[in-house]
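Numbering-wise, the sequence shown is residues 9 to 321 according to my numbering.
We put the beta carbon where it would ideally sit given N, CA and C, even for glycine.
Presented below is the structure to which this report refers.
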Amino acid sequence: MKKIVLHIGTHKTGSTSLQSFLYENSNALLEQSVDYVISECVWKAHQPLGWFLQGNTAALKSLYPSYKYGVINNLEKKIKESNAKTIVLSSENIFLCDDVDKIIRLRDRFSDYKFEIVVYLREQFGFNKSWYYELVRADYYRYSGGFSQFLSENNYPTKYFSALEKWSKVFGCDSINVIDFDVVKKNGNLLPHFVENFLDVDASKLIHPENKNESLPEIGVALMSLFNQFDISDSERSELVSSLSKINNKESIMGSYSEAIFNECKCSNEKLHKAYGIDLNSYFYKCYDGGSNKYSKESFYDVLEKIKSFNFT
Numbered sequence: 009m010k011k012i013v014l015h016i017g018t019h020k021t022g023s024t025s026l027q028s029f030l031y032e033n034s035n036a037l038l039e040q041s042v043d044y045v046i047s048e049c050v051w052k053a054h055q056p057l058g059w060f061l062q063g064n065t066a067a068l069k070s071l072y073p074s075y076k077y078g079v080i081n082n083l084e085k086k087i088k089e090s091n092a093k094t095i096v097l098s099s100e101n102i103f104l105c106d107d108v109d110k111i112i113r114l115r116d117r118f119s120d121y122k123f124e125i126v127v128y129l130r131e132q133f134g135f136n137k138s139w140y141y142e143l144v145r146a147d148y149y150r151y152s153g154g155f156s157q158f159l160s161e162n163n164y165p166t167k168y169f170s171a172l173e174k175w176s177k178v179f180g181c182d183s184i185n186v187i188d189f190d191v192v193k194k195n196g197n198l199l200p201h202f203v204e205n206f207l208d209v210d211a212s213k214l215i216h217p218e219n220k221n222e223s224l225p226e227i228g229v230a231l232m233s234l235f236n237q238f239d240i241s242d243s244e245r246s247e248l249v250s251s252l253s254k255i256n257n258k259e260s261i262m263g264s265y266s267e268a269i270f271n272e273c274k275c276s277n278e279k280l281h282k283a284y285g286i287d288l289n290s291y292f293y294k295c296y297d298g299g300s301n302k303y304s305k306e307s308f309y310d311v312l313e314k315i316k317s318f319n320f321t
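In structure tokens, the structure reads:
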């Protein structure tokens, strides 16, 4: 029986890197009987499927040219035309689906295929921190609030067990691969893990891109959120991010929020552990090490000098 590997996220677990990797290697994968179905991709991922399951009609209408024909109809046509033994579909927005009827519809439309659902989960404190970092840093959002405000406004389903329960009801727990992202990251990389565990291919024939993202220290993110209140140009903002990334500071500003996040997610994590064997509570039992509270004065002053040249309005 042919199979569909359905990668459903989550956000902030390397999904974009994985999708870019699969998209760029689509021809090489197809030669090994793995079809990433790039014709149904937006931004190198199957976001139309995610938007459909999520109920995001606005995104579909504006970004998916074949919207009127139907997302599932288009997928069914392309998948049934494919000679590949394995179909790979990926969108982190799929995880945000709360409509069981749509999941059933997806399963029934592809009843001739065996589904293998893959989801990478991140412990909730690390997830929230990373999600906050992205919204502060990203040009498309420029979040200007503090971490406390972000937590009060964020409605992402970090009680993962409840979010996965609807999938297990339709496909069964045995069809769902729940993976600890932090373990995968510690042991190497998401890309080889996904290839080795879910794709029967020769990885040596695939191109593995380098990760060139600049990371910001927590104090850099805090400063960036303040600067997001001002209207500065994209080039100035890019220079600021580059300068802030050079601050040598490992102090944890947000670690005090970990206990509240743990208390909120503890019961869900216990159920998750029992059902899938992944123990996210273990991260909260460890003391978050803020590291050195010293920073390079030179790098910090470089940032201040850079800011002096900006035109704030």
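Proximal residues to residue i (C-beta, below 7 Å), its chain only, five neighbours per side dropped
i, result
"residue 237", "152"
"residue 93", "10 and 41"
"residue 56", "48, 50, 68, 72 and 79"
"residue 287", "281"
"residue 53", "27, 98 and 99"
"residue 82", "48 and 74"
Backbone CA spacing between residue i and residue j [nearest angstrom]
i, j, result
"residue 103", "residue 251", "35 Å"
"residue 249", "residue 262", "20 Å"
"residue 46", "residue 264", "43 Å"
"residue 63", "residue 176", "20 Å"
"residue 298", "residue 227", "Confidence in residue 298 is poor, its pLDDT being 41 and thus under 50, which makes the residue's placement unreliable; the coordinate value appears in the next sentence. Whole-angstrom Cα-Cα distance: 12 Å."
"residue 300", "residue 203", "Low confidence applies here, because residue 300 scores a pLDDT of 40, under 50, leaving its location unreliable and the question unanswered by this model."
"residue 123", "residue 157", "39 Å"
"residue 110", "residue 33", "30 Å"
Own chain, CB closer than 6 Å to residue i, minus 5 neighbours either side, in chain order
i, result
"residue 67", "59"
"residue 169", "276, 279 and 280"
"residue 43", "90, 92 and 95"
"residue 24", "none"
"residue 270", "292"
For residue i, the nearest candidate out of the options (CA to CA)
i, options, result
"residue 239", "150, 24 and 65", "150"
"residue 112", "179, 199 and 52", "179"
"residue 129", "191, 63 and 61", "191"
"residue 293", "283, 284 and 274", "274"
"residue 205", "45, 156 and 126", "126"
"residue 209", "29, 17 and 38", "38"
"residue 144", "256, 223, 215 and 17", "223"
"residue 161", "136, 215, 182 and 171", "136"
Local Cβ density within 10 Å of residue i, reported as buried at 16 or more and exposed below that
i, result
"residue 134", "buried"
"residue 147", "exposed"
"residue 132", "buried"
"residue 13", "buried"
8 Å CB neighbourhood of residue i in its chain, flanking five on each side removed
i, result
"residue 154", "230 and 233"
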